[in-house]
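Protein chains in written order, with our numbering: chain A, 1375 to 1768; chain B, 2 to 386. C-beta: ideal position from N, C-alpha, C; glycine also. Owing to the predicted nature of the structure, the values given are computational and were not obtained by experimental measurement. Here's the structure, in structure tokens; my notes come after.
Quick look at the structure:
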């Protein structure tokens, strides 16, 4: 047994030393693997980035209340009186003496996309005073907050980057009125793609009477959720669905994630097959060109299995190093790349950045290792099986 | 030995390499099949939009509704053949995951607006008779195993029905087919009069209008005429051609489609380059053997044909198989489980794929084949030795 291991160690050391002599081949194999891994990581980073942005919007100490049966804010409707009932519920945090309950109106307006100039559905949120206590991550970073009762809006930083005409000082034409852009804000994932204004001004513009679409509630603590939810669902005056915000936003990423993972899977499998077939060809050639050398080793007394394992270790090493290079390349090429897409759950645009997350990097290495093992196995077996005499004579 | 025998001997020479190279080409062509289908899917039907069809919607956003009275006013405009209301119903069938578009429409007007929706006359007659009747596209009917006569309950989200409960029940009276492959056969259509009467609020409001004009070349005039009609009213409109509307929707998906197709193209080209290189390598290795053939009296043209024939035969077989397999796999439906409703292998791309395969065979074989043809027999024999 010990001899077996020492054979593997000796052979592997030998392989590593001869790699320098075969550096052109080693480099091209590594590059191929790097390319394959970089492409896969690049595609999957779209989904990761989108999820990250949307899920960041949610906070575990906030709850979102929608009309029961609604899946998103766009379809829900909640009346002013109903949100007043929620203010009395247990577990609601207080700020400045008032309950932190924020009824919100969610609509879309058409604005041209910066990149294409075609109309996009930009989310616009009408809020009331408690909104800034409930969403305490929202900070004005330029200009000032909108004035209550005025046709004024503040816009998210991400929205400013993605859509035209949202610079502070500009005017937006919405129906028959002009709205002034008076400030810009940051904070809170998908919120940054939104335009905010006074709900009382937005309601008549969209003929919404005194109705809202969702209610965001700041909880006293993350643990207060159950008590809050139970009291609302038990209340006969309400017909609502209560979710933790984190849970709500995780649900919103389903569509795009399904799309990206579905496409990523196809790309990963087909590209992997392509890489294996291409890689096997080069690997076989490499092993074939070393057949005399391997036969010499076997003539010297090295056994078959250690030969197989050492060849596979070499292939694994090349694949993992190549994969790591590819993952690093993908990180520099894709991480932070800004894009905006349609969030089907809210029927509106969300700006996000591609994210090459640690999970993706680990996945990339596992994928590369698997390709390396499969690519190395058959050539290794062939090398070990070749009759020593034939190989030496060649 | 016959010529064919020689060709066969060439294939047997390095069987493993042959199989691996052929497999690479096969995989590349499957990838190509997905590439063209995904590209088509992200275009969202922009290229099949009717040139004579326009969309009239609320200027501020599509979620705001327009008065039903606009229909008559638009139809009075010169050059307008018809205008018909459509709304977004957005109800849920059993689970929110089961997504398909539902639209209340005026049956006769809508079917005339979309002649590419093929509905048997007796089913159309049944729809006109049945106030709660609904008609669905073939793809959706197949997906949920619906057949004519079924009662289909949908849970309202925006449009709650009158009376108690939250369910709208429809009688399935027809299943339509698309005239073209691109035709959207995932729609669920039901009667607008039923929608107007049975909803709790919003009577007299509709989502948007589809309109048809006599002369597609005058679309720009029609756009101006419609929008001028409602300027300074509480509900101003934005009119655009169906193509422009579909394009802005496709653009809303952002560059995801473009990125995915760019990546797939890069991969496709890389696999082909690697395969082509291996093939060229295989020919170069045989220089000496080709020299022997020439010494035996084979003419230049014959050597060229032999080498080229080998590379063409392999690419054609492997590439053809790959295209066929890719076509079959793509027909299984979209790999994302319903997020790309239009997912098929565009027939015109089948031709492109065949041309690519042919070019690959030529390119990979031609250079070494020409080199082999020009080779002086003595050099070839010496080089191998």
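message: Against chain A, with Cβ distances strictly below 7 Å, would residue 30 of chain B count as a contact?
response: Walking along the second chain from the start, residue 30 of chain B turns up at place 29. No, its Cβ sits nowhere closer than 7 Å to a Cβ of chain A.
- request: Please state whether DSSP places residue 1387 of chain A in a helix, a strand or coil.
  value: Translated into positions along the first chain, residue 1387 of chain A becomes position 13. Looking at residue 1387 of chain A - three-state DSSP - the assignment turns out to be helix.
query: residue 180 of chain B and residue 345 of chain B: beta carbons closer than 7 Å?
result: Taking the first residue of the second chain as position 1, residue 180 of chain B is located at position 179. Taking the first residue of the second chain as position 1, residue 345 of chain B is located at position 344. No, the Cβ-Cβ distance between residue 180 of chain B and residue 345 of chain B is not below 7 Å.
- prompt: Which chain B residues sit within Cβ distance under 9 Å of residue 1455 of chain A?
  reply: Translated into the one-based positions of the first chain, residue 1455 of chain A becomes position 81. What residue 1455 of chain A touches in chain B: nothing, since even the nearest Cβ is about 17 Å away.
- prompt: So, are the CB atoms of residue 1649 of chain A and residue 1745 of chain A less than 7 Å apart?
  reply: As a working mapping, residue 1649 of chain A is identified with position 275 in the first chain. As a working mapping, residue 1745 of chain A is identified with position 371 in the first chain. Yes, these two residues count as a Cβ contact at 7 Å.
task: Put residue 41 of chain B into one of helix, strand or coil per three-state DSSP.
output: As a first step, residue 41 of chain B is located in the second chain; it is residue number 40 there, counting from the start. Helix at residue 41 of chain B.
- request: Have a look at A:1503, A:1721, A:1538 and flag the residue whose alpha-carbon is nearest the alpha-carbon of residue 1492 of chain A.
  value: Locating residue 1492 of chain A in the first chain gives position 118, counting from the first residue. Residue A:1538 is the option with its Cα nearest to residue 1492 of chain A.
- request: Using a Cβ-Cβ cut-off of less than 8 Å, list which residues of the stretch 1470 to 1490 of chain A approach chain B; keep chain order.
  value: 1481, 1482, 1483, 1484, 1487, 1489, 1490
message: Taking only three categories from DSSP, how would you classify residue 1555 of chain A?
response: Residue numbering aside, residue 1555 of chain A sits at position 181 when the first chain is read from its first letter. Of the three classes helix, strand and coil, the one that applies to residue 1555 of chain A here is strand, per DSSP.
- request: Report the rounded CA-to-CA distance for residue 1651 of chain A versus residue 301 of chain B, giving the unit in angstroms.
  value: As a first step, residue 1651 of chain A is located in the first chain; it is residue number 277 there, counting from the start. As a first step, residue 301 of chain B is located in the second chain; it is residue number 300 there, counting from the start. Distance between the alpha carbons of residue 1651 of chain A and residue 301 of chain B is about 33 Å.
- request: Run down chain A in chain order and give the residues with a C-beta less than 9 Å from the C-beta of residue 268 of chain B.
  value: Stepping through the second chain from its first residue, residue 268 of chain B is reached at position 267. Residues of chain A passing the Cβ test: 1409, 1410, 1413, 1641, 1644, 1645, 1648.
- request: Identify which residue in B:375, B:229, B:266, B:286 has its Cα closest to the Cα of residue 295 of chain B.
  value: What you label residue 295 of chain B is simply residue 294 of the second chain in a count that begins at 1. For the residues B:375, B:229, B:266, B:286, the minimum Cα distance to residue 295 of chain B belongs to B:375.
message: Under 7 Å, Cβ to Cβ, is there at least one residue of chain A near residue 275 of chain B?
response: What you label residue 275 of chain B is simply residue 274 of the second chain in a count that begins at 1. So yes, residue 275 of chain B belongs to the interface.
message: Residues of chain A with CB closer than 7 Å to the CB of residue 21 of chain B, please, in chain order.
response: For the purposes of this step, residue 21 of chain B is identified with residue 20 of the second chain, where counting begins at 1. Within chain A, the residues near residue 21 of chain B are 1651, 1654, 1655.
- request: My understanding is that residue 257 of chain B touches residue 1715 of chain A, with C-beta atoms under 8 Å, so please give their C-beta distance in whole angstroms.
  value: Your numbering for residue 257 of chain B matches position 256 in the second chain. Your numbering for residue 1715 of chain A matches position 341 in the first chain. The Cβ separation is near 6 Å, so the contact holds.
task: Could you work out which residue in B:356, B:372, B:291 is closest to residue 10 of chain B when comparing CA atoms only?
output: On the second chain, residue 10 of chain B is found 9 positions in, with the first residue counted as 1. Ranking B:356, B:372, B:291 by Cα distance to residue 10 of chain B puts B:291 first.
query: When burial is assigned at 16 or more other CB atoms within 10 Å of the CB, is residue 1378 of chain A buried or exposed?
result: Position 4 of the first chain, counting from 1, holds the residue named residue 1378 of chain A. The residue in question, residue 1378 of chain A, is exposed, as its Cβ has fewer than 16 Cβ neighbours within 10 Å.
message: Cutting at 7 Å between CB atoms, please list the residues of its own chain near residue 5 of chain B, excluding the five before and the five after it.
response: Here the question's residue 5 of chain B lines up with position 4 in the second chain. Same-chain partners within the cutoff: there are none.
message: Does residue 216 of chain B pass the burial test, meaning 16 or more other C-beta atoms within 10 Å, or should it be called exposed?
response: For the purposes of this step, residue 216 of chain B is identified with residue 215 of the second chain, where counting begins at 1. It is exposed - the Cβ of residue 216 of chain B has fewer than 16 other Cβ atoms within 10 Å.
message: What would DSSP say about residue 328 of chain B, mapped onto helix, strand or coil?
response: For this step, residue 328 of chain B is matched to residue 327 along the second chain. DSSP places residue 328 of chain B in helix when its eight states are reduced to three.
query: Name the chain A residues that come within less than 8 Å of residue 256 of chain B, Cβ to Cβ?
result: Your numbering for residue 256 of chain B matches position 255 in the second chain. Under the 8 Å cutoff, chain A gives 1489, 1713.
task: Tell me whether residue 1718 of chain A counts as near the ligand PLP, meaning its Cβ is closer than 6 Å to at least one heavy atom of that ligand.
output: As presented, the structure is devoid of all ligands, the ligand PLP included, so that no description of it is given.
field: Per-residue burial, residue 48 of chain B [other beta carbons within 10 Å of its own, 16 or more giving buried]
entry: For the purposes of this step, residue 48 of chain B is taken as the residue at position 47 of the second chain. Exposed.
query: Cβ of residue 386 of chain B less than 7 Å from any chain A Cβ?
result: Translated into positions along the second chain, residue 386 of chain B becomes position 385. Low confidence applies to residue 386 of chain B: its pLDDT is 42, below 50, so where it sits in the model is not reliable enough to give any reading.
query: Residue range of the beta strand (DSSP E) that residue 1483 of chain A falls in?
result: In the first chain, counting from the first residue as 1, residue 1483 of chain A sits at position 109. That run of the beta strand (DSSP E) goes 1475 to 1486.
query: Which residue or residues does DSSP assign as beta-bridge partners of residue 1517 of chain A?
result: Locating residue 1517 of chain A in the first chain gives position 143, counting from the first residue. DSSP lists A:1557 as partners of residue 1517 of chain A.
- request: Give the residues from the stretch 237 to 252 of chain B that approach chain A closer than 7 Å (Cβ to any Cβ), ordered along the chain.
  value: 248, 249, 252
- prompt: Can you tell me the Cα-Cα spacing of residue 194 of chain B and residue 107 of chain B, whole angstroms?
  reply: The residue labelled residue 194 of chain B in the question sits at position 193 within the second chain. The residue labelled residue 107 of chain B in the question sits at position 106 within the second chain. Near 8 Å, if we compare the C-alpha coordinates of residue 107 of chain B and residue 194 of chain B.
- prompt: Within the 7 Å Cβ cut-off, does residue 1633 of chain A reach chain B?
  reply: Residue numbering aside, residue 1633 of chain A sits at position 259 when the first chain is read from its first letter. Yes, its Cβ sits closer than 7 Å to a Cβ of chain B.
task: In the DSSP assignment, find the unbroken alpha helix (DSSP H) run with residue 249 of chain B in it and report its ends.
output: Here residue 249 of chain B refers to the residue found at position 248 when the second chain is read from its first residue. Taken as a continuous stretch (DSSP letters only), the alpha helix (DSSP H) holding residue 249 of chain B covers 243 to 253.
Of the listed residues B:38, B:18, B:21, nearest to residue 333 of chain B (C-alpha basis): Sequence index remark: in the second chain, residue 333 of chain B carries index 332 (1-based). Here the closest residue by C-alpha is B:38.
message: Tell me the residue span of the alpha helix (DSSP H) that contains residue 139 of chain B.
response: Taking the second chain and counting its residues from 1, one reaches residue 139 of chain B at position 138. Here the alpha helix (DSSP H) through residue 139 of chain B covers 139 to 144.
- prompt: Which residue comes first and which comes last in the alpha helix (DSSP H) that contains residue 1688 of chain A?
  reply: Residue numbering aside, residue 1688 of chain A sits at position 314 when the first chain is read from its first letter. Per DSSP, residue 1688 of chain A belongs to the alpha helix (DSSP H) from 1678 to 1708.
query: Quick one: is residue 387 of chain B near chain A, going by C-beta distance under 7 Å?
result: Because chain B spans 2 through 386 in this model, residue 387 of chain B falls outside it and cannot be assessed.
message: Using the Cβ count rule (16 or more neighbours within 10 Å means buried), how would you classify residue 313 of chain B?
response: As a working note, residue 313 of chain B is residue 312 in the second chain. Buried.
- prompt: To the nearest whole angstrom, what separates the beta carbons of residue 1418 of chain A and residue 1736 of chain A, a pair I think is in contact under 8 Å?
  reply: If you number the first chain from 1, residue 1418 of chain A lands on position 44. If you number the first chain from 1, residue 1736 of chain A lands on position 362. No, residue 1418 of chain A and residue 1736 of chain A are not in contact; Cβ-Cβ is about 12 Å, not under 8 Å.
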